[in-house]
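Listed in order, the protein sequences are those of chains A and B. FYI, in my numbering the residues of the first sequence are 15 to 357. FYI, in my numbering the residues of the second sequence are 17 to 374. Here's the structure, in structure tokens; my notes come after.
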Amino acid sequence: MAAYLAQRLLLMIPTFIGITLISFLIMRLAPGDPAELRAAGGVGAAAGGGISIEKRGAVDEAMAQWRAQYGLDKPLHVQYAVWMKNLLTLSFGESFKDNQSVWDKITERLPVTVKLNFWSIVVVYLVAIPLGIYSATHPNSLGDKITTLAAFVLFAVPLVWAATMAIVFICGGDFYYLFPPGGLESLEFSENWPLWKKVKDHAWHLFLPVVLLSYDGFASLSRYMRAGMLEVLRQDYVQVARAKGLDEKIVIYKHVLRNSLIPLVTILASILPGLIGGSIIIETIFSIPGLGQLGYESVLARDYPTVLALLTVSSVLTLIGILISDILLSVVDPRIAFGRRLQ
Amino acid sequence: MSRNQATTAALRSVNVDVSLDAAETGGGLWSDVWRRFKRNPIALAGLYVVGFLALMALFADFIANDKPYYLEYRGKTYFPIFRSYIVSAKLGQWPAELLNVDFKKLDGAKTVFPPIPYRQTNINLLEPVEPPSMKHWFGTDKLGRDVLAGIIHGSRISLSIGFVAVGIAVVIGVILGAVAGYFASWEDLVISRLFEVMLSIPTFFLLITIAALLPPSIFLTMAIIGLTGWVGIARFTRNEFLQIRNLDYVTAAIALGVSNRKVMFKHILPNALAPVIVSVVLGIAGAILVESALSFLGIGVPAELVTWGSILHEASTTTFAWWLAVFPGLAIFITVLAYYLVGEGLREVLDPRLRGLR
Numbered sequence: 015m016a017a018y019l020a021q022r023l024l025l026m027i028p029t030f031i032g033i034t035l036i037s038f039l040i041m042r043l044a045p046g047d048p049a050e051l052r053a054a055g056g057v058g059a060a061a062g063g064g065i066s067i068e069k070r071g072a073v074d075e076a077m078a079q080w081r082a083q084y085g086l087d088k089p090l091h092v093q094y095a096v097w098m099k100n101l102l103t104l105s106f107g108e109s110f111k112d113n114q115s116v117w118d119k120i121t122e123r124l125p126v127t128v129k130l131n132f133w134s135i136v137v138v139y140l141v142a143i144p145l146g147i148y149s150a151t152h153p154n155s156l157g158d159k160i161t162t163l164a165a166f167v168l169f170a171v172p173l174v175w176a177a178t179m180a181i182v183f184i185c186g187g188d189f190y191y192l193f194p195p196g197g198l199e200s201l202e203f204s205e206n207w208p209l210w211k212k213v214k215d216h217a218w219h220l221f222l223p224v225v226l227l228s229y230d231g232f233a234s235l236s237r238y239m240r241a242g243m244l245e246v247l248r249q250d251y252v253q254v255a256r257a258k259g260l261d262e263k264i265v266i267y268k269h270v271l272r273n274s275l276i277p278l279v280t281i282l283a284s285i286l287p288g289l290i291g292g293s294i295i296i297e298t299i300f301s302i303p304g305l306g307q308l309g310y311e312s313v314l315a316r317d318y319p320t321v322l323a324l325l326t327v328s329s330v331l332t333l334i335g336i337l338i339s340d341i342l343l344s345v346v347d348p349r350i351a352f353g354r355r356l357q
Numbered sequence: 017m018s019r020n021q022a023t024t025a026a027l028r029s030v031n032v033d034v035s036l037d038a039a040e041t042g043g044g045l046w047s048d049v050w051r052r053f054k055r056n057p058i059a060l061a062g063l064y065v066v067g068f069l070a071l072m073a074l075f076a077d078f079i080a081n082d083k084p085y086y087l088e089y090r091g092k093t094y095f096p097i098f099r100s101y102i103v104s105a106k107l108g109q110w111p112a113e114l115l116n117v118d119f120k121k122l123d124g125a126k127t128v129f130p131p132i133p134y135r136q137t138n139i140n141l142l143e144p145v146e147p148p149s150m151k152h153w154f155g156t157d158k159l160g161r162d163v164l165a166g167i168i169h170g171s172r173i174s175l176s177i178g179f180v181a182v183g184i185a186v187v188i189g190v191i192l193g194a195v196a197g198y199f200a201s202w203e204d205l206v207i208s209r210l211f212e213v214m215l216s217i218p219t220f221f222l223l224i225t226i227a228a229l230l231p232p233s234i235f236l237t238m239a240i241i242g243l244t245g246w247v248g249i250a251r252f253t254r255n256e257f258l259q260i261r262n263l264d265y266v267t268a269a270i271a272l273g274v275s276n277r278k279v280m281f282k283h284i285l286p287n288a289l290a291p292v293i294v295s296v297v298l299g300i301a302g303a304i305l306v307e308s309a310l311s312f313l314g315i316g317v318p319a320e321l322v323t324w325g326s327i328l329h330e331a332s333t334t335t336f337a338w339w340l341a342v343f344p345g346l347a348i349f350i351t352v353l354a355y356y357l358v359g360e361g362l363r364e365v366l367d368p369r370l371r372g373l374r
């Protein structure tokens with residue numbers, strides 16, 4: 015076990031370097047250097063468009079100065095080293111867009127995205143596990159076939175479509191006004207409201223984004239649950255449990271369920287990147303001020319430091335998620351650590 | 017990778033039983049696969065839809081076009097749609113009297129138009145955002161363009177992006193997966209790190225970042241989706257190779273002095289293809305979904321192109337125009353569902369472990 019842990023941790027180092035290298039190179043090798051973009055954004059906007067020849071000299075000078083200030087005049091590998099050093103101390107620099115600290119921007123919006131994704135994961139598991147149990151304990155019944163088909167259909171529904179349909183049909187517009195078309199709280203929201211009213215308002219705003227973010231997850235997770243449970247049901251120990259006359263409920267919930275939950279632990283890490291992608295779409299459509307919206311806006315504005323920070327932070331978090339789920343898996347299923355050593 | 021164990025719980029991989037089974041039933045593996053695939057009506061329906069969509073994309077010009085199939089004008093007969101192919105291939109030119117004319121307004125001409133007499137590019141500012149009618153079956157968008165024509169021609173963009181992107185992903189994925197699984201030493205270690213990197217980086221965010229940095233272009237979008245989407249295929253290939261390389265026939269081939277490359281791609285790959293094929297079919301659906309999300313966000317695909325995602329995006333700003341939301345979304349949904357059904361049907365027939373369950 016200790017050997018397995020050490021191995022996993024050591025292997026994380028090259029992966030981490032790989033992540034930072036890819037993020038860094040993509041941002042730096044893209045056409046147009048950050049200094050030019052910044053000059054074009056700042057001066058261009060101030061001068062109202064085209065830059066005159068007299069101003070051009072001043073702009074070039076400012077750009078050179080700015081390059082020196084941010085170390086952009088140094089060779090690429092030096093820039094990478096500097097950036098890595100800053101990364102390890104969690105200083106991501108300042109946004110090109112508004113000169114705010116990138117770290118502040120991220121931490122300011124993090125809670126919103128975490129809230130959204132936390133509830134989505136809760137919904138995913140709350141729906142997927144019972145559905146999966148039902149399907150696996152009634153294989154090939156009508157109910158199983160219907161849930162299988164429904165999961166399939168849900169899985170094929172494009173998130174952008176589902177969100178647009180919701181906006182058009184049930185968020186005001188010309189049809190029904192069941193849910194707000196965006197934001198996290200009503201305009202008249204006040205801190206003086208009683209708690210239940212605040213919670214209700216939040217829940218009303220979060221309902222659609224959470225459902226939209228999670229339907230894809232519970233559709234696929236319920237399939238994993240079904241497959242995993244059918245696998246366990248075929249094993250000898252289940253037959254033994256039944257043969258000694260145990261109640262079917264105890265067989266299912268005490269003996270089978272525990273073992274079939276194991277794979278679900280690991281899937282959590284693999285649905286994280288999907289949730290991040292979903293957050294970008296959902297937060298943009300519903301104008302929710304979270305990391306996804308920040309990511310989309312920064313990408314459009316070519317705000318290098320912010321994009322770079324978001325890419326690395328979310329990748330590293332996912333990497334840690336994968337690691338934790340691997341460790342959890344090897345704790346609940348010792349065969350894994352053992353098997354790896356044999357390889 | 018331990019996470020693979022979780023994956024395999026649901027996505028059982030195929031082993032050499034496939035070839036044994038085919039030998040028993042007579043005929044090649046693929047005729048056997050087709051025979052059993054046919055028995056699944058849902059998967060077969062998916063296949064028909066996939067075929068229908070392919071035909072729609074192929075013959076888009078003949079279904080929705082502002083030029084007639086057949087034209088009699090000033091005593092001469094023309095076939096303008098065919099002519100337009102000749103002109104665009106630079107093999108001929110428009111006759112002077114037909115150059116830049118509106119075929120619907122030719123005096124005294126006898127014409128036969130396609131069922132939808134519009135192209136996706138026909139802007140008509142007199143009919144903006146019209147609801148579905150006999151004239152425009154799926155309504156029009158802000159610029160008065162026919163939505164149905166946009167959907168029919170948009171299928172070309174969606175399908176070609178799906179196919180090319182997955183093509184790129186397959187080449188990268190199969191080669192990396194084969195090398196990692198076959199050598200299973202330091203190559204595996206390095207490539208597995210690469211898998212981990214790609215699995216950790218949020219693909220969609222990476223995708224919109226690269227797409228936004230580069231100039232908008234269909235070809236770049238295809239390349240980017242392909243370059244970020246190979247991990248699944250590579251992992252399946254690697255797992256197959258890890259299993260198959262230990263089989264006796266591979267050992268025999270190596271002992272006979274067959275070169276590594278030949279063992280990998282001639283002897284092992286054919287037996288490892290089954291799960292790869294399934295993930296290719298599912299990958300096309302995934303690439304179409306990603307493309308629609310990208311063009312919805314207005315990233316990657318040039319703004320002047322009408323795609324399923326770009327029509328959908330208009331709906332999110334003109335929320336009263338329900339037809340802009342319903343129809344293009346339905347097109348994406350049906351396409352993706354059809355590919356999923358075919359992929360799932362293939363998985364069922366290719367996977368010997370599922371055989372007892374049906």
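Backbone N, C-alpha and C fix where the C-beta goes; we use that ideal spot for every residue, glycine too.
Worksheet entry | Assigned secondary structure, B:Val-186 (DSSP; H/G/I helix, E/B strand, else coil) | helix
Practice prompt. Output, in sequence order along the chain, the residues in the stretch 323 to 355 of chain A whose CB is closer than 8 Å to any CB in chain B.
Written response: Leu-324, Leu-325, Ser-328, Ser-329, Val-330, Thr-332, Leu-333, Ile-336, Ser-339, Asp-340, Leu-343, Ser-344, Ile-350 and Arg-354
Fill in: Span separating the alpha-carbon of B:Arg-363 from that of B:Leu-230
37 Å
Practice prompt. Using the DSSP secondary-structure output, state which residues sit across from B:Thr-237 in a beta bridge.
Written response: The partner list for B:Thr-237 (beta bridge, DSSP) is empty, contrary to what the question assumes.
Worksheet item: Within the 8 Å Cβ cut-off, does A:Trp-97 reach chain B?
Response: no
Discussion item. Taking the beta carbon of A:Asn-113 as the centre, do at least 16 other beta carbons fall within 10 Å, making it buried, or is it exposed?
Written reply: exposed
Discussion item. Give me the subset of the stretch 179 to 209 of chain A whose CB atoms are less than 9 Å from a CB atom of chain B, sorted by chain position.
Written reply: Met-179, Ile-181, Val-182, Phe-183, Cys-185, Gly-186, Gly-187, Asp-188, Phe-189 and Pro-195
Practice prompt. Indicate whether at least one CB of chain B lies closer than 8 Å to the CB of A:Gly-231.
Written response: Cβ-Cβ to chain B under 8 Å: no for A:Gly-231.
Fill in: Cβ neighbour criterion (16 or more within 10 Å) applied to A:Glu-205
Looking at its Cβ environment, which holds fewer than 16 other Cβ atoms inside 10 Å, A:Glu-205 is exposed.
Practice prompt. Report the partner residues of B:Ala-80 according to the DSSP bridge assignment.
Written response: B:Ala-80 pairs with B:Ile-132.
Worksheet item: Could you give the distance in angstroms between the alpha-carbon of B:Ile-79 and the alpha-carbon of B:Phe-95?
Response: 15 Å
Item to complete: In angstroms with no decimal places, state the Cα-to-Cα distance between B:Glu-256 and A:Pro-153.
Response: Distance between the alpha carbons of B:Glu-256 and A:Pro-153: 28 Å.
Discussion item. Counting only Cβ pairs nearer than 9 Å, list the residues of chain B close to A:Leu-25.
Written reply: Leu-205, Ser-208, Arg-209 and Glu-212
Practice prompt. Report yes if the CB atom of A:Ile-290 is closer than 8 Å to the CB atom of B:Phe-312, and no otherwise.
Written response: no
Discussion item. Out of B:Val-103, B:Ala-105 and B:Tyr-89, which one is the CA nearest neighbour of B:Lys-120?
Written reply: B:Tyr-89
Worksheet entry | Classification of A:Asp-250 by the beta-carbon crowding that lies within 10 angstroms, buried from 16 upward | exposed
Worksheet item: Considering only residues of the stretch 229 to 294 of chain A, which uninterrupted alpha helix (DSSP H) runs meet the minimum length of 4 residues and lie entirely inside it, listed in chain order?
Response: 250 to 257 and 271 to 274
Discussion item. What does the alpha-carbon distance come out to for the pair B:Ala-39 and B:Ile-177?
Written reply: Confidence at B:Ala-39 is low in this model, with a pLDDT of 47, below 50, so its placement is unreliable and no value can be given for it.
Worksheet item: On the premise that B:Gly-193 lies in contact with B:Ala-269, defined as a C-beta separation below 8 Å, what is that separation, rounded to the nearest angstrom?
Response: Rounded to the nearest angstrom, the Cβ distance from B:Ala-269 to B:Gly-193 is 19 Å, too far for a contact under 8 Å.
Worksheet item: If we call anything under 8 Å between Cβ atoms a contact, is A:Val-313 one with B:Ala-228?
Response: yes
Worksheet item: For the putative contact between B:Ser-332 and A:Ile-299, defined by C-beta atoms under 8 Å, what is the C-beta separation to the nearest angstrom?
Response: 6 Å
Discussion item. Contact criterion: CB-CB distance below 8 Å. Does B:Gly-62 meet it with respect to chain A?
Written reply: no
Practice prompt. To the nearest angstrom, report how far apart A:Glu-342 and B:Gly-273 are at their CA atoms.
Written response: Checking the sequence shown, residue 342 of chain A turns out to be Leu, not Glu. If you take the alpha carbons of A:Leu-342 and B:Gly-273, they lie about 44 Å apart.
Item to complete: Identify each residue in the stretch 154 to 178 of chain A for which the Cβ-Cβ distance to at least one residue of chain B is less than 9 Å, and report them in chain order.
Response: Asn-154, Leu-163, Phe-166, Val-167, Phe-169, Ala-170, Val-171, Pro-172, Leu-173, Val-174, Trp-175, Ala-176, Ala-177 and Thr-178
Worksheet item: Could one say the Cβ of A:Leu-314 lies closer than 8 Å to chain B's Cβ atoms, at least one of them?
Response: yes
Fill in: Closest Cα partner of B:Asp-118 within the set B:Asn-138, B:Leu-263 and B:Asp-264
B:Asn-138
Worksheet item: Residues in its own chain within less than 7 Å of B:Ala-73 by CB, not counting five upstream and five downstream?
Response: Ser-171, Arg-172 and Leu-175
Worksheet entry | Separation of B:Tyr-86 from B:Thr-93, as counted between CA atoms | 7 Å
Item to complete: Given a cut-off of 8 Å, decide if B:Ile-224 and B:Leu-321 are closer than it, judged by their beta-carbon atoms.
Response: no
Item to complete: Whole angstroms is fine: what's the gap from B:Leu-164's alpha carbon to B:Gly-67's?
Response: 19 Å
Worksheet item: How would you call A:Ala-82, buried or exposed, if buried means at least 16 neighbouring beta carbons within 10 angstroms?
Response: exposed
Item to complete: Please determine, among A:Thr-280, A:Leu-19, A:Ile-266 and A:Leu-331, the residue with the shortest C-alpha to C-alpha distance to A:Gly-146.
Response: A:Ile-266
Discussion item. Using DSSP's beta-bridge definition, name the partner residues of A:Ser-115.
Written reply: A:Glu-108
Worksheet entry | For B:Leu-263, three-class secondary structure by DSSP | coil
Worksheet item: Do B:Ala-196 and B:Ile-184 have their C-beta atoms within less than 8 Å of each other?
Response: Remark: C-beta atoms of B:Ala-196 and B:Ile-184 do not approach each other more closely than 8 Å.
Discussion item. On the CB-based measure, 16 or more other CB atoms within 10 Å of its CB, does A:Ala-233 come out buried or exposed?
Written reply: buried
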